[in-house]
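Engineer:
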Amino acid sequence: MERPKFDDIFMELAVNLARRSHCIKRHVGAVLTKETRIISIGYNGPPAGTNNCDVEWPETGCPRDSKGGCSLAIHAEQNALLYAVQNKTEVKGATMYVTLSPCLACSRIIFTMGVTKVIYLNSYAEYKGIANDEGLDFLRKFGVEVEKYEGELTNITSMI
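Going by the working numbering, the first residue of the sequence shown is number 364, and it counts up by one from there.
Listed below in structure tokens is the structure:
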């Protein structure tokens, strides 16, 4: 039996976590690791105790904010980091696996929290139809290692 690589295990988990999202626009999952251990997980959606977008607004999703973004959603990266901090878990030096490369706002938080590496599956810029991944550019500029996942996903139900 061939043993799977940790990158494959963690990215497969991120993809499967994305399936938990209540967002009707995009499902995103994140896994925060240190060495070979998972220290936190997250997926995008509204804060616990608020409305689930796919239940409350199944046709349109949650109301938009003044800039056209989701008014309720917390990004997967933010959820993973918030959960870690809430549970007093040190994230400095961690690696984050995420199904969609971080937006600029998430990248600033990732950098500030001391995450040293981000491995992403799909491009945020391609998803949004913009010229470049500003979040990845920010991370690279300030010394966070960034890598596009090129492994093999075999233990997932479907790509989201």
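Every residue gets a Cβ at the ideal spot worked out from N, C-alpha and C, and that includes glycine.
1. Work out the CA separation of Asn415 and Gly424 for me, nearest whole Å.
2. Distance check for Tyr460 and Thr399, CA to CA, integer angstroms please.
3. Do you know how far the Cα of Glu365 is from the Cα of Ile473?
4. Tell me whether Gln441 counts as near the ligand ZN, meaning its Cβ is closer than 6 Å to at least one heavy atom of that ligand.
5. Contact check, Val391 vs Leu376 under 8 Å by CB: the rounded distance?
6. Count the other CB atoms, across all protein chains shown, that sit within 10 Å of the CB of Thr475; report buried if there are 16 or more and exposed otherwise.
7. Could you check whether Ala488 and Val496 sit closer than 7 Å to each other, using their CB atoms as the reference points?
8. What distance in whole Å lies between the Cβ atoms of Ala447 and Ile402, which are believed to be in contact at a cut-off of 8 Å?
9. Distance check for Leu502 and Glu508, CA to CA, integer angstroms please.
10. Could you spell out where the beta strand (DSSP E) holding Val394 opens and where it closes?
11. If we ignore side chains and look at the alpha-carbon of each, how far apart do Lys480 and Thr458 end up?
12. Which value, in whole angstroms, describes the spacing of the CA atoms of Arg383 and Glu515?
13. Which term fits Gly408, buried or exposed, when burial requires 16 or more other beta carbons within 10 angstroms of its beta carbon?
Structural biologist: The answer reads as follows:
1. Between Gly424 and Asn415, the C-alpha separation is close to 9 Å.
2. 12 Å
3. 33 Å
4. Looking at this structure, you won't find the ligand ZN or any other ligand, since it has none at all.
5. With 8 Å as the limit, Val391 and Leu376 do not qualify as a contact, their Cβ atoms being about 13 Å apart.
6. exposed
7. Before going further, note that residue 496 is Asp rather than Val in the sequence given. Cβ distance < 7 Å, so Asp496 and Ala488 count as in contact.
8. 6 Å
9. 7 Å
10. Its beta strand (DSSP E) spans residues Gly392 to Lys397.
11. 5 Å
12. 21 Å
13. The residue in question, Gly408, is buried, as its Cβ has 16 or more Cβ neighbours within 10 Å.
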